[in-house]
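Taken in sequence, the protein lines are chains Z and S. Just so you know, we're using numbering that gives the first Met the number 0 here: the first sequence kicks off at 0 and counts up by one. Just so you know, we're using numbering that gives the first Met the number 0 here: the second sequence kicks off at 0 and counts up by one. Heads up, the beta-carbon is just placed ideally off N, CA and C, and yes, glycines get one too. To start, the structure under review is shown below, and the notes come after it.
2 protein chains.
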Amino acid sequence: MIPIRIAQFGLGPIGLEALRLAATKPWLRIVGGVDIDPKKVGRSIGELTGLASLDAPAVFPSVAELWHHAQPDVILHTAGSRAVAFFEQMREVVSRGASVASTCEELIYPSLLAAELSQEFDALCQQHGARVVGTGVNPGFVMDLMPAFLAGVAREVHGVSVRRVVNASTRRQPLQAKIGSGMEPEEFRRRFNDGRAGHAGFRQSVSLIAHVFGWALDEIVETCEPVIADRPVRTGFFEVAPGLTRGLHQIAIGRSQGRERIVLDLTMALDEPDPHDHVRLESRPPLQLTLNGGVAGDDATVAALINAIPRLLAAQPGLRLLSELPVAAPPQSSA
Amino acid sequence: MIPIRIAQFGLGPIGLEALRLAATKPWLRIVGGVDIDPKKVGRSIGELTGLASLDAPAVFPSVAELWHHAQPDVILHTAGSRAVAFFEQMREVVSRGASVASTCEELIYPSLLAAELSQEFDALCQQHGARVVGTGVNPGFVMDLMPAFLAGVAREVHGVSVRRVVNASTRRQPLQAKIGSGMEPEEFRRRFNDGRAGHAGFRQSVSLIAHVFGWALDEIVETCEPVIADRPVRTGFFEVAPGLTRGLHQIAIGRSQGRERIVLDLTMALDEPDPHDHVRLESRPPLQLTLNGGVAGDDATVAALINAIPRLLAAQPGLRLLSELPVAAPPQSSA
């Protein structure tokens, strides 16, 4: 078995954790990293991850410099939520024929916000034999791929609703910040309306579901309200006084011909009790699924990224959707 | 959109229901059927299904006669549980370049019992560009594909256990018979040991899971005990006196290096309360999923068969496993 050569683009907390997981997989070989942060460029991945086995591969300031030293088969991209920025960052990578698995939220359904660019990027991928996919836990699994998978045993599906409750106290600092921890409620609302707070990729989850079920949506409506602390809340990163924001309650609804086809309901808050995910298909037969305890945090995110690699390489070249990838990886890559 | 032309091989209750579902899908066109039963040969599918729209396509006594009148792209096969018999029945079909989706239980992991034949059949499929897959609810979804799918968000998986409880009172007569309804317990045990009763495809589910996780199993141990009625039970097909069999409790365990890696635990019985499916991965993060109410019956079985068609046609030619198919169908085929 020849290992798949990978390089990491973006060496923040998720990127480093993805590398730590990749280092445990005999079917992967880490050959380098790319980051624009001058404090990281030139250092070894071993130093950044704390894994002595990764002392050789280094961090480069650009894709071109990385390629000068190593030619990865796959880039793991964990450097942003925006599809348009992703295309810009990865154009050179796919032009070199390498594939990309990314946590970029908008890439779950890139043509929602960037239809023409997505088509161009897809053509570029096909031209060079590259495969690209956006993956993750949410978006990418619980609230979109799971209902699509479940529908495999439904004769017909008329509606989808998913409710997800996350206890953010167990999560990393950036996520606790993103949900507004410690903010004045009005400030949180302002930031959400400016696109500077809230869960990213929600409309893309709605779009992926609509795509899989062949529903032409008339509109996607998204709302977000702060969840207010009624007693003091403290995490490793935030202290929240009563009356301030301890999280968010975000809802996205997809309507078709005046009817609510898709309802996604997400609560992410500090000290939130009873985390779980609940998926319901209005279908024949009716189908209802609960993930007890939910899908926990960043471990699952890096797992989704690493597990996507062999599934992506088994798919056709192009800009792919998660629903087009095989259900599971070939066996050599899942031990 | 050019519809996919399908023909049905085996016109029993499941085959007829698959045709009724297929008739509702604009992306499918039913072109004929094959059955060896002289009471069905020569009749129209409209007559057998009760659907006037299917008056033209007819039932033929053989694949050769079917092809004389119509050339389907895909055969739906619902005529038996044994992989070896399936290969025999479908050799001519794949030699003509048509693909096959089947409810044959052993086809969930055909190489368990027929490794060499599976390899030959795979080569034959590839030679003629045909795609073949076995599908269903169990085996094929709840107890095998579901844990494989769920593992997409796990960093590592050390063990899988699935518990399925089915209330067979709501199911068709052949299933109620298969679980021993109304039998003396000793008679049921004898029949199970002779392979004439019990849930088929259980070892294949274990094998598919082991394959996906890259586990080399030392042994698969299967046990089955009757569930005894403690009060009278009556269905549309059976009356069971106290002390007689109202169902089965079947367990399959996959061991690797002395350790139980896979435990599948199935209860199917008349008047069984609280039907549900519970999937647990011993993994990081730990993952636990419950299908509340379970996946109900024959509706789901024919759905699994029909939904497999576009997913199968999107896969590479060959004898495929369900885990190799895309998560969801392309959109035109799922509305």
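Along the stretch 259-292 of chain S, the positions whose C-beta sits under 8 angstroms from a C-beta of chain Z are R283, P284, P285, L286, Q287, L288, T289, L290, N291, G292, read in chain order. When Cβ-Cβ separations below 8 angstroms define contact, S:A295 makes contact with chain Z.
By the neighbour-count criterion, in which 16 or more other beta carbons inside 10 Å mark a residue as buried, S:T134 falls on the buried side. Of the residues assessed, Z:S61 falls on the exposed side of the cut-off, its CB having fewer than 16 other CB atoms within 10 angstroms. The residue from S:L320, S:S282, S:A295 with its alpha-carbon nearest to that of S:V141 is S:A295. Ranked by Cα distance from Z:V165, the options Z:D143, Z:L290, Z:L216 are led by Z:L290.
DSSP places S:Q315 in the coil class of the three-state scheme, outside both helix and strand. Within 10 angstroms of the beta-carbon of S:I1 lie fewer than 16 other beta-carbons, which makes it exposed.
Of all residues in the stretch 170-191 of chain S, none is placed with a Cβ closer than 7 angstroms to any Cβ belonging to chain Z. With the rule of 3 Cβ pairs closer than 8 angstroms, the stretch 180-193 of chain Z does not count as touching the stretch 302-318 of chain Z.
Among the CB atoms of chain Z, one or more fall inside 8 angstroms of the CB of S:N306.
By the 16-neighbour rule on beta-carbons within 10 angstroms, Z:D217 is exposed. One Cα belongs to S:P241, the other to S:A228, and the distance between them is close to 5 angstroms. Contact residues of the stretch 197-216 of chain S toward chain Z are H210, V211, F212, G213, W214 (C-beta to C-beta distance below 8 angstroms). About 14 angstroms separates the beta carbon of S:G32 from that of S:A63, a gap too long to meet the 8 angstroms contact definition.
The criterion of a C-beta distance shorter than 8 angstroms is satisfied by S:E105 and S:G200.
With 16 or more other Cβ atoms inside 10 Å of its own Cβ, Z:Q203 counts as buried. The C-beta of Z:R154 comes closer than 8 angstroms to at least one C-beta of chain S. Restricted to the stretch 228-292 of chain S, the beta strand (DSSP E) segments that are unbroken, complete and at least 3 residues in length are 244-255, 258-268, 275-283, 286-291, listed in chain order. Inclusion of Z:L324 and Z:A307 in the CB contact set at 8 angstroms is warranted, their separation being smaller than that value. Comparing C-alpha distances from Z:V239 to each of Z:L265, Z:S180, Z:G253 shows the shortest one belongs to Z:S180.
For S:L75, the enclosing beta strand (DSSP E) starts and ends at 73-76. Per DSSP, reduced to three states, the secondary structure at Z:G151 is helical. For the stretch 55-74 of chain S, no residue has a beta-carbon sitting nearer than 7 angstroms to a beta-carbon of chain Z. For Z:L18, not one C-beta of chain S is nearer than 8 angstroms to its own C-beta.
DSSP places S:G14 in the uninterrupted alpha helix (DSSP H) bounded by 12-21. Between Z:L263 and Z:V161, the gap from beta carbon to beta carbon is short of 8 angstroms. Across the structure, Z:Q315 and Z:P330 are spaced so that their CA atoms are roughly 19 angstroms apart. The three-state reading of DSSP puts Z:E218 in strand, counting E and B together. According to the DSSP assignment, Z:G133 belongs to the beta strand (DSSP E) that extends over 130-133. Rounded to whole angstroms, the gap between the alpha carbons of Z:R163 and Z:V205 is 14 angstroms. For S:D298, the nearest CB of chain Z lies under 8 angstroms from its own CB, placing it at the interface with that chain. For S:P109, the number of other beta carbons within 10 angstroms of its own is at least 16, and it is reported as buried. Comparing alpha-carbon positions, the option among Z:L123, Z:A215, Z:T48 lying closest to Z:A97 turns out to be Z:L123. Residue nearest to Z:L265 within the set Z:T222, Z:T244, Z:E119, Z:P284 is Z:T222 (criterion: CA-CA distance).
Within the model, the alpha-carbon separation for S:L112 versus S:L10 is close to 26 angstroms.
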